[in-house]
Amino acid sequence: MYLIHRTRVATAEAVNAELADLGLNGTLSLILETIFELGETNAAELARRCLVTRQALTGPLNDLQSRGLVQRPEPSTRVRVRPITLTAEGREAAGIARLRVGEAERRSIASFEQGELDQLRRLLTRHAAAWEELARDGAAPRGRAPRSAW
Numbered sequence: 022m023y024l025i026h027r028t029r030v031a032t033a034e035a036v037n038a039e040l041a042d043l044g045l046n047g048t049l050s051l052i053l054e055t056i057f058e059l060g061e062t063n064a065a066e067l068a069r070r071c072l073v074t075r076q077a078l079t080g081p082l083n084d085l086q087s088r089g090l091v092q093r094p095e096p097s098t099r100v101r102v103r104p105i106t107l108t109a110e111g112r113e114a115a116g117i118a119r120l121r122v123g124e125a126e127r128r129s130i131a132s133f134e135q136g137e138l139d140q141l142r143r144l145l146t147r148h149a150a151a152w153e154e155l156a157r158d159g160a161a162p163r164g165r166a167p168r169s170a171w
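Heads up, the working numbering is the position in the sequence shown plus 21, with the first residue counted as 1.
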């Protein structure tokens, strides 16, 4: 798990560096990208897709709205669901972010040969599936902690 965590942290730092001049970070970029893919959406669906709670989404959404990148109707007692959409500036920022992050990903795997990339994808897919199965099955019986494989 350490190597996956290390990769995740390094990825976040690299994405933040790629987007800093746009005033974006990985979180804001993910929100823009998700709205770009979904089209008009609501906070509950957006939070699900971004793997955060609705409460955790509030601050970043407010930031994007104050910068004119997303739009939402004003809160109303008559409307329970406030649709979220990208503005023209938001679509442009999402497109730029998508290109930059895609290019960074291409650079990150440039040193791999095709066979290595195929093997890495297969191994990561198996690893993810194993964790998904553990999550479905629930916690294992508690006993003595096993020694780390790393």
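The beta-carbon is built from N, C-alpha and C at its ideal position, and this holds for glycine as well. All values reported here derive from a predicted model rather than from experimental measurement.
- Measuring C-alpha to C-alpha distances from P104 to each of E113, L49, Q86, R121 identifies Q86 as the nearest.
- Restricting attention to A156, I117, L145, G159, the CA atom closest to the CA of D42 is found in I117.
- Note on the stretch 104-133: whole alpha helix (DSSP H) runs with a minimum of 4 residues are 109-129, in chain order.
- Per DSSP, the continuous alpha helix (DSSP H) segment holding D84 begins and ends at 75-87.
- By a beta-carbon distance limit of 8 Å, L120 does not contact I130. Their separation comes to about 16 Å.
- Ranked by how close their Cα comes to the Cα of T48, the residues E58, V36, Q135 have V36 in first place.
- Between L67 and T55 the beta-carbon gap is near 6 Å, inside 8 Å, which marks them as a contact.
- Measuring C-alpha to C-alpha distances from N83 to each of L59, E113, A64 identifies A64 as the nearest.
- For N46, no alpha helix (DSSP H) run applies, since DSSP gives it neither H nor E.
- Beta-bridge annotation (DSSP): T28 is not paired with any residue.
- Note on L90: 16 or more other CB atoms within 10 angstroms of its CB, so buried under the neighbour-count rule.
- Scanning V102, L107, G80, E113 for the CA closest to the CA of Q92 turns up L107.
- Residue environment for V122: buried (at least 16 other C-beta atoms within 10 angstroms of its C-beta).
- The beta carbon of L45 lies closer than 8 Å to those of L53, A114, A118 in the same chain, with the five residues before and after it left out.
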